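Trainee: Per the numbering used here, the very first residue in the sequence shown carries number 23; after that it's consecutive.
All residues carry an ideal CB built from backbone N, CA and C; glycine is no exception.
Note that the structure is predicted; figures quoted are calculated from it, not measured.
This is the structure I have questions about; it appears just below.
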Amino acid sequence: MNHPIRPIAESEFPAALDLLDEAFVSSWAPGQIERFKGVTEFDRSLAAFDGDRMVGFTQVMSFDMTVPGGVLPVAGVSSVGVLASHRRRGVLSSLMRRQLADVHAKGEVFAALYASEAAIYGRYGYGRAVDNVFYTIPKHSSAFRADAPADPALRLRIEPPERAREDFVRLFDKVRPTRPGLYSRTAARWDATLADDENARGSAGRLRCVLAEDDDGVRGYALFRVKRAVTDHDVPDGEVLLQELFAVDPAAYAALWRSLLDRDLCSRVFAANRPLDDPVMHLLAEPRHLNAGTLDELWIRLVDVPGALTQRAYSAPVELVVEVDDDVCPWNAGRWRLSTAKQTCERTEDAPDLSLPVRILGAAYLGGRSLESYRLAGQIAEHREGAVRELSAAMSWSPLPWGGLVF
Ligand SMILES: CC(=O)SCCNC(=O)CCNC(=O)[C@H](O)C(C)(C)COP(=O)(O)OP(=O)(O)OC[C@H]1O[C@@H](n2cnc3c(N)ncnc32)[C@H](O)[C@@H]1OP(=O)(O)O
């Protein structure tokens, strides 16, 4: 192998920082380095070397991720970079193969990542599993429907975020099992989420929060920043930049949104990353004013096809033979009989009902991607009429998947 690969020691962390700085053409701010170190698991960090020079890097962060009907350990792949001097020589491919073999050996049945570019990871068996939505709601068009939920018992509480951290953690952990894609946050991940130094603020001002609660406790929270601005005519024109908003019931959810949309001195709310089925669109009297766009969010790779398929729930019963193509993880390749009634997925030599690349199973795994649409795109071969629709219906899930926070 041209570029040997091995896990790095903690003493090699500065070299990894230099490499990522160069690969992403970015600069580390002091607080950022500590936060990044806090979420780095050195025994799960891999580097490729040219002599004693580190030329490629990637790491796995260990999470629990909600899947349809349960919660499973997942390998969160992050911080992938190759020096510009060593690109397009197969360094990334070697790192990806080694990483997937390690994940398989550890027993995690799937891996997840956020891609910097959508063209990179399909070749390694990752499928585009989640789309998110971003939108800008103008305050002047933000009226809610008359029947929007309201609860007079709810109160709003404003706090500096660091004082409400325990409330966020408790509330988030209540919401996390309810939506596929949401994943566990360590204390270091919370440190990064609540980071508020100059670098984290940028031009958007300090991190703020509002909580919705009643006498029994917190029912939701929103984290946001406010970018102050005025028009040429000195009219207040600030913008609320929503970082995250979670609530355990519709009235708390509506109250939090209302408090963001109604802020004085602001003319709009920008939400950069929300689930495709975000309920706010059903609260607005004129939802066209969401000004929405979509982007790919989580990419999912099934590392152990039978393990992954038997450890999620299904929306409809199905029994069929799936033929999987997987040259990166050959242990997945071949024919599998999936039976949701028996909750089994076993190797078989029977004729397949459909054939597909492993990336498409990954795309559908969290329940947010229609297999039928891949068939219509000519990427699934159907050998028995209706088989793709059956599997597509069984794998679909509500609510739609969403990771919510880039790792
Ligand atoms: C989860 C994350 O961390 S996402 C962040 C990814 N990193 C970045 O975007 C940082 C900047 N880019 C880089 O560091 C590098 O260009 C990388 C990591 C994207 C690619 O590394 P390389 O070592 O050049 O990739 P490698 O040579 O193994 O390429 C393998 C294949 O991927 C293709 N490929 C690599 N990068 C890209 C890209 N950005 N877009 C499309 N195709 C790509 C190559 O053409 C090659 O294709 P082939 O197999 O058909 O020949």
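Exposed or buried, what is Ser-418 when buried is set at 16 or more other beta-carbons lying within 10 Å of its beta-carbon?
Mentor: Along the sequence shown, read from residue 1 onward, the residue named residue 418 stands at position 396. Classification for Ser-418: buried.
Trainee: Can you tell which of Asp-43, Gly-92, Lys-59, Glu-404 has the C-alpha that lies nearest to the C-alpha of Pro-423?
Mentor: As a first step, residue 423 must be located in the sequence shown, where it is residue number 401. Of the listed residues, the one whose Cα sits closest to Pro-423 is Gly-92.
Trainee: Taking 8 Å as the cut-off, does the CB of Leu-427 come closer than this to any heavy atom belonging to ligand 1?
Mentor: For the purposes of this step, residue 427 is taken as the residue at position 405 of the sequence shown. No.
Trainee: Which residue or residues does DSSP assign as beta-bridge partners of Arg-83?
Mentor: Here residue 83 refers to the residue found at position 61 of the sequence shown. Just to set this straight, residue 83 is Met in the shown sequence, not Arg. According to DSSP, which records beta bridges pairwise, Met-83 is partnered with Gly-98.
Trainee: Would you mind stating whether Val-152 and Ile-27 have Cβ atoms separated by less than 9 Å?
Mentor: For the purposes of this step, residue 152 is taken as the residue at position 130 of the sequence shown. For the purposes of this step, residue 27 is taken as the residue at position 5 of the sequence shown. No.
Trainee: How about Leu-342 and Leu-360: do their beta carbons lie closer than 9 Å?
Mentor: Working through the sequence shown from its first residue, we reach residue 342 at position 320. Working through the sequence shown from its first residue, we reach residue 360 at position 338. Closer than 9 Å, so yes.
Trainee: Per DSSP, what kind of secondary structure is Arg-66 in: helix, strand or coil?
Mentor: The count along the sequence shown starts at 1 and reaches residue 66 at position 44. DSSP places Arg-66 in helix when its eight states are reduced to three.
Trainee: Should Thr-7 be counted as a contact of ligand 1 given a C-beta to heavy atom distance under 8 Å?
Mentor: With the chain covering only 23 through 429, there is no way to say anything about residue 7.
Trainee: Under 8 Å from any heavy atom of ligand 1, does the C-beta of Ala-133 make it?
Mentor: Counting from one through the sequence shown, the residue named residue 133 turns up at place 111. Ala-133: no, Cβ never under 8 Å from ligand 1.
Trainee: May I ask you to list the residues that DSSP assigns as paired with Glu-181?
Mentor: Stepping through the sequence shown from its first residue, residue 181 is reached at position 159. For Glu-181, which the question treats as bridged, DSSP gives the partners Cys-231.
Trainee: I'd like the list of long-range same chain contacts for Ala-277, defined as Cβ closer than 6 Å, with 5 residues on each side in sequence excluded.
Mentor: Against the sequence shown, residue 277 aligns to sequence position 255. Closer than 6 Å at the Cβ level, and outside the excluded window around Ala-277, lie Leu-176, Ala-234.
Trainee: Does the beta carbon of Glu-139 fall short of 8 Å from some heavy atom of ligand 1?
Mentor: Sequence index remark: in the sequence shown, residue 139 carries index 117 (1-based). Yes, the Cβ of Glu-139 comes within 8 Å of a heavy atom of ligand 1.
Trainee: Within this structure, are the beta carbons of Gly-390 and Pro-199 separated by less than 9 Å?
Mentor: Walking along the sequence shown from the start, residue 390 turns up at place 368. Walking along the sequence shown from the start, residue 199 turns up at place 177. In this structure, Pro-199 does not lie closer than 9 Å to Gly-390 by Cβ.
Trainee: Please say whether Leu-283 and Leu-267 have beta carbons closer to each other than 9 Å?
Mentor: In the sequence shown, counting from the first residue as 1, residue 267 sits at position 245. In the sequence shown, counting from the first residue as 1, residue 283 sits at position 261. Going by C-beta atoms, Leu-267 is not nearer than 9 Å to Leu-283.
Trainee: Does ligand 1 have even one heavy atom less than 8 Å from the beta-carbon of His-255?
Mentor: Here the question's residue 255 lines up with position 233 in the sequence shown. It does not: the Cβ of His-255 is nowhere closer than 8 Å to a heavy atom of ligand 1.
Trainee: Report back the beta-carbon spacing between Cys-288 and Glu-261 to the nearest angstrom; my notes put them in contact at under 8 Å.
Mentor: Here residue 288 corresponds to residue number 266 of the sequence shown, with the count starting at 1. Here residue 261 corresponds to residue number 239 of the sequence shown, with the count starting at 1. Confirmed, about 6 Å.
Trainee: Are the segment 150–164 and the segment 294–303 touching, with three or more C-beta to C-beta distances below 8 Å?
Mentor: yes
Trainee: Comparing alpha-carbon positions, which option in Thr-332, Glu-368, Asp-349, Ala-373 lies nearest Ala-416?
Mentor: By 1-based counting over the sequence shown, the position of residue 416 is 394. Checked all of Thr-332, Glu-368, Asp-349, Ala-373; the closest Cα to Ala-416 is Thr-332.
Trainee: Shorter than 8 Å, the distance from the beta carbon of Tyr-205 to the closest heavy atom of ligand 2, or not?
Mentor: Judged by which ligands are present, ligand 2 is missing from the structure shown, whose ligands are ligand 1.
Trainee: Should Glu-412 go down as buried or exposed, given a rule of 16 or more other Cβ atoms within 10 Å for buried?
Mentor: By 1-based counting over the sequence shown, the position of residue 412 is 390. It is buried - the Cβ of Glu-412 has at least 16 other Cβ atoms within 10 Å.
Trainee: Answer yes or no: the CB of Ile-142 versus the heavy atoms of ligand 1, is any distance below 8 Å?
Mentor: Taking the first residue of the sequence shown as 1, we reach residue 142 at position 120. Ile-142 Cβ: within cutoff of ligand 1.
Trainee: Looking at Pro-183: is its Cβ nearer than 9 Å to the Cβ of Asp-238?
Mentor: For the purposes of this step, residue 183 is taken as the residue at position 161 of the sequence shown. For the purposes of this step, residue 238 is taken as the residue at position 216 of the sequence shown. Between Pro-183 and Asp-238, the C-beta gap is not smaller than 9 Å, which leaves the two residues out of contact.
Trainee: Check for me: the beta strand (DSSP E) holding Asn-221 runs from which residue to which?
Mentor: Locating residue 221 in the sequence shown gives position 199, counting from the first residue. Taken as a continuous stretch (DSSP letters only), Asn-221 belongs to no beta strand (DSSP E), being part of the alpha helix (DSSP H) at 220–223.
Trainee: Please classify Thr-208: does DSSP put it in a helix, a strand, or coil?
Mentor: As a working note, residue 208 is residue 186 in the sequence shown. Here Thr-208 sits in coil by DSSP.
Trainee: For Ala-338, which residues in the same chain have their Cβ closer than 7 Å to its Cβ, ignoring the five residues on either side in sequence?
Mentor: In the sequence shown, the residue the question calls residue 338 occupies position 316. Counting only Cβ-Cβ distances below 7 Å, and skipping sequence neighbours, we find Ala-415, Ala-416.
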